[in-house]
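Engineer: Structure below; questions to follow.
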Amino acid sequence: MTYANGTADPVGLDATRFETRIGHEGYVRRLPERVTRTITASKLEVTDRFREVVDLFGEDHQETPAGFRIEMATHGSVTSVDLVRDIGYERGGTPRPTPLLFSADSANPYEVSDCAPLIANVTCNPGIVYDLFINNPDANIGGHFTTLDEVLVELSKAAGPGCDVSVEIANPYGDINEILEEVARYEEILTRHRLVVKVPHTGPLSADTAGDLLKGNGLLRKRYNSGAPRDMLRGHALARQLHDLGHRVNFTLMFEPHQTPLALQARPYFINAFVRHRADATRRMRGFVAAYDATSDEQFVADLRDYLVRMDYLGTDDKALDLLTVLRLTRTLLRQ
């Protein structure tokens, strides 16, 4: 490796302090002074990933791109500078104002472009992409967008490099090779640095019963905890497999407190916990139980049973479940 003294002339950096690796001068120039002044080695270079990231995302600015943390490692007389994906950082490796980061549930590029500087993630699922955007003439102005890929291309531009994009796989029950082909297509659009693969918690659903949610009344025949282990853990297994293959995973559809620690065993990048849904369900269940306790009127328990079926705590096969069992199951849910 060949290094030259003083050739980089980076902004804010006394170039005579370092010998910069030939060919790395333009990359070193992007390093902020607060970083370079901590370097004690006599030679400076950047990693292959640093160059890849800058070549992908660094055209518009003379700093390191947003969404990457600057890290350094010194071996002997050489300090090597790397860029590590971290949506907690803005351009130039500056931390965002707070550790609390915000995500937008939107596939509308017009909306995302307005809030892009304030968010760190955009989440897409089929409902958001098709129902709320592509097939919504008020949002998809002029019907310009017709496919998910077209939407992702525009979202990529609107969100910028500092924002991850979570894209849900089309069929969690599909063959793993088909799923990987789908992921590769999304990576081609978003790059591996920004793509987060969204994997749903499959719950009691199997490939044969998943269609129940998409037809008729959209209710499950079996209650939420009655699936076979293979089905109940299908999402976990897929999330872990994708993680082991080097993909970042957004593991979604966590509705119950006990689901979260089990979901973390799959080592996802992050999870989607639907706290509001469970909070609302808890409030409603407590109301039914309190009304029954105060009056001994079994109609409140019958109404509770109907509510639990509508919310998939019970299956449609449980529509005639005896009221004492309904009450016992509900009290158990409220203790969780």
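If you number the sequence shown the way this note's numbering does, the last residue is 409 and the count never jumps.
Where is the CB? At the ideal position from N, CA and C, for every residue including glycine.
1) Could you tell me which residues DSSP puts in a beta bridge with residue 141?
2) Taking only runs of the alpha helix (DSSP H) that begin and end inside the segment 272-305, which ones reach a length of at least 4 residues, in chain order?
3) What did DSSP end up calling residue 182 once you bin it into helix, strand or coil?
4) Determine the direct distance from the alpha carbon of residue 340 to that of residue 399, and round the result to whole angstroms.
5) Anyone know if the C-beta pair for residue 381 and residue 391 falls short of 9 Å?
6) Going by DSSP, which residues form a beta bridge with residue 197?
7) Are the C-beta of residue 165 and some C-beta of chain C separated by less than 9 Å?
8) Which class does residue 231 belong to by DSSP, given the choice of helix, strand or coil?
9) Using only the heavy atoms of the ligand SAH, determine whether one of them is closer than 8 Å to the beta carbon of residue 311.
10) Determine the direct distance from the alpha carbon of residue 155 to that of residue 92, and round the result to whole angstroms.
11) Could you tell me which of 137, 112, 180, 181 sits nearest to residue 153, measuring between CA atoms?
12) Classify residue 168 as helix, strand or coil using the three-state DSSP reduction.
13) For residue 102, does the three-state DSSP call read helix, strand or coil?
14) Unbroken alpha helix (DSSP H) runs of length 4 or more, entirely within the segment 298-347: which are they?
15) Kindly indicate which residue of 361, 136, 242 has the alpha-carbon position closest to the one of residue 375.
16) Evaluate contact between the segment 159-167 and the segment 129-139, counting only Cβ atoms and requiring at least three cross-stretch pairs below 8 Å.
17) Just confirm the distance between the C-beta atoms of residue 348 and residue 315, as a whole number of angstroms; I'd bet it's less than 8 Å.
Structural biologist: According to the structure shown:
1) Per DSSP, 158.
2) 302-305
3) helix
4) Roughly 35 Å separates the two Cα atoms.
5) yes
6) Paired residue(s): 240.
7) Looking at the structure shown, chain C is missing, and only one protein chain is on hand.
8) helix
9) This structure simply doesn't include the ligand SAH, nor any ligand for that matter.
10) 17 Å
11) 112
12) strand
13) coil
14) 302-305, 307-317, 332-337
15) 361
16) Judged by Cβ distances under 8 Å, the segment 159-167 makes contact with the segment 129-139, as three or more pairs qualify.
17) The pair is not a contact, with the Cβ atoms about 25 Å apart (cut-off 8 Å).
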